[in-house]
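Here the sequence shown is numbered in numbering that gives the first Met the number 0, starting from 0 and rising by one per residue.
Working notes, beginning with the structure itself.
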Amino acid sequence: MNAAAPICNYTGCKVQIDGKCALGRDPVESCENYAADVEVTEALDEPEESRTVPPVQIWASDKLLLADYSALSRRRRLRTVALVGEEKVGKTTLLCSIYAMFCKGAFADLTFAGSETLLGFAKLQAFTLLSSGRSSPTVPRTSRRDPLAFFHLALARSRGDVVDLVIADRSGEAYAAARTSTDLIGTLDEFRLADRVCFLLDGERLASKDDRTAYTRNFRQMINALHDNGALVRANAVEILSTKLDITRRSDAADVGFLSDFEARVVSDFTKKGLAISSHEICALPKADRTVGIIGLDDLVRRWTQPLPLPDVAPWPVVDAPRQIDRLLSKIAGG
Ligand SMILES: Nc1nc2c(ncn2[C@@H]2O[C@H](COP(=O)(O)OP(=O)(O)OP(=O)(O)O)[C@@H](O)[C@H]2O)c(=O)[nH]1
Ligand SMILES: [Mg+2]
0 MNAAAPICNY TGCKVQIDGK CALGRDPVES CENYAADVEV TEALDEPEES
50 RTVPPVQIWA SDKLLLADYS ALSRRRRLRT VALVGEEKVG KTTLLCSIYA
100 MFCKGAFADL TFAGSETLLG FAKLQAFTLL SSGRSSPTVP RTSRRDPLAF
150 FHLALARSRG DVVDLVIADR SGEAYAAART STDLIGTLDE FRLADRVCFL
200 LDGERLASKD DRTAYTRNFR QMINALHDNG ALVRANAVEI LSTKLDITRR
250 SDAADVGFLS DFEARVVSDF TKKGLAISSH EICALPKADR TVGIIGLDDL
300 VRRWTQPLPL PDVAPWPVVD APRQIDRLLS KIAGG
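Take a look at the structure:
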């Protein structure tokens, strides 16, 4: 390697640092000391076998698959959010918009501190840019053949306080299939991994009087199917995210009332069934009405990254302990 070799022989010349010749020669190449005896020490035809340093594996930085997620989870403590919803509800757009917010700077009191999936995000974002040549921003459709994918964001609250957020995305068709064929639910690995499950409710289909009845029935049926088959037991929180607020806000007041009534009813019904469920409204890509702007992402990122409660370190009550000493201790502890 010749990286450290000085480019100029003249003692005290800093041309390598500031580009200026100490003898005032311009261009610097006209100075006799410049690049006079610089030796090319790297043998270009060095035989392969004489190299002792193993080749460095370059991180592809594309979206993570299940095996990559497992490897990452062994290195970092991850917060995993699963985005669930039928096709075209806005799952991929939402995660792409969250990334886009951090491209502009600090967001939700957090700063971007890295990502293992930069290329994955960039591939999605390319479709939303003017340079894509599209007349309207979008993201590529997630195909049913695409496996479950994860997108990673390291977000810093302060130096040394970094939250590793991972968002799981999969094709809406896979969820629609699992709703009707519940034996497929066990194959959806995101429910085994996610701390938070977000059901996306399509504002566009709710705003359509023709679609809304069937759509709302299917939406409920999906939560029911997942709940009844134990897919939501691991989640600490379940959210309903009503998407495309730019479209729902354009509809008449009765439609807006329908949306909020529906959200309230779903929350109340599933709270009774023991789910920690809440509902929120978002607009991740206000392309139907730009005046609406991005809505709800700030609060959403704060919820997803909020500090975890401290673990409960109080000793468990001892019930029917087999050892006499434990029974005695439990009596003392119980007063
Ligand atoms: N008007 C409007 N359109 C949106 C919004 N969010 C997403 N969309 C559009 O909805 C369409 C579907 O969005 P996607 O993000 O691909 O939906 P998805 O849930 O990932 O769909 P699948 O990949 O098929 O599962 C795209 O054309 C988006 O541009 C929004 O907030 N407002
Ligand atoms: Mg998608």
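Virtual Cβ for every residue (Gly too), placed ideally from N, Cα, C.
The model shown is predicted, which means the values in this text are computed figures rather than measured ones.
For residue 127, the secondary structure class from DSSP, reduced to helix, strand or coil, is helix.
Look at residue 90: its beta carbon is less than 6 Å from one of the heavy atoms in ligand 2. Annotation note: the segment 166-219 contains the following uninterrupted beta strand (DSSP E) runs of length 3 or greater, listed N- to C-terminal: 195-200. The count of Cβ pairs closer than 8 Å, one atom from the segment 292-308 and one from the segment 92-106, reaches three, so the stretches are in contact.
For residue 134, the closest alpha carbon among the candidates 287, 143, 298 and 268 is that of 287.
At a cut-off of 6 Å, the beta-carbon of residue 141 counts as near ligand 2: some heavy atom of the ligand is closer than that. Restricting attention to beta strand (DSSP E) runs no shorter than 3 residues, the segment 241-280 encloses them at 276-280, ordered along the chain. For the pair residue 153 and residue 112, the CB atoms are nearer than the 7 Å cut-off. With a threshold of 16 other beta carbon atoms within 10 Å, residue 204 meets it and is buried. No Cβ-Cβ contact shorter than 7 Å links residue 284 with residue 197. Shown here for residue 224: same chain residues with a beta carbon closer than 6 Å to its own, the five before and five after excluded, namely 178 and 181 in chain order. Nearest neighbour of residue 266 by Cα position, chosen from 137, 236 and 312, turns out to be 236.
For residue 296, the uninterrupted alpha helix (DSSP H) segment begins and ends at 296-304. Here residue 110 carries a strand assignment [DSSP, helix/strand/coil]. In the DSSP assignment, residue 14 falls within the alpha helix (DSSP H) that extends over 14-17. Remark: C-beta atoms of residue 6 and residue 34 approach each other more closely than 7 Å. Collapsing the DSSP output to three states places residue 160 in a strand. Residue environment: residue 114 is assigned as buried (16 or more neighbouring CB atoms within 10 Å of its CB, all protein chains considered). Residue state for residue 78 is assigned as strand, using DSSP reduced to three classes. In chain order, 169 and 170 place their CB closer than 8 Å to the CB of residue 145, counting only its own chain and leaving out the 5 sequence neighbours on each side. Close CB contacts of residue 75 within its chain, under the 6 Å cut and outside five residues either way in sequence, are with 163 (chain order).
In the structure shown, residue 293 falls within a coil segment according to DSSP collapsed to helix, strand and coil. The residue among 101, 78, 10 and 300 with its C-alpha nearest the C-alpha of residue 233 is 78. If you draw a 10 Å sphere on the C-beta of residue 13, you find fewer than 16 other C-beta atoms in it, and that means exposed. The beta-carbon separation of residue 200 and residue 241, rounded to 5 Å, stays under the 8 Å limit for a contact.
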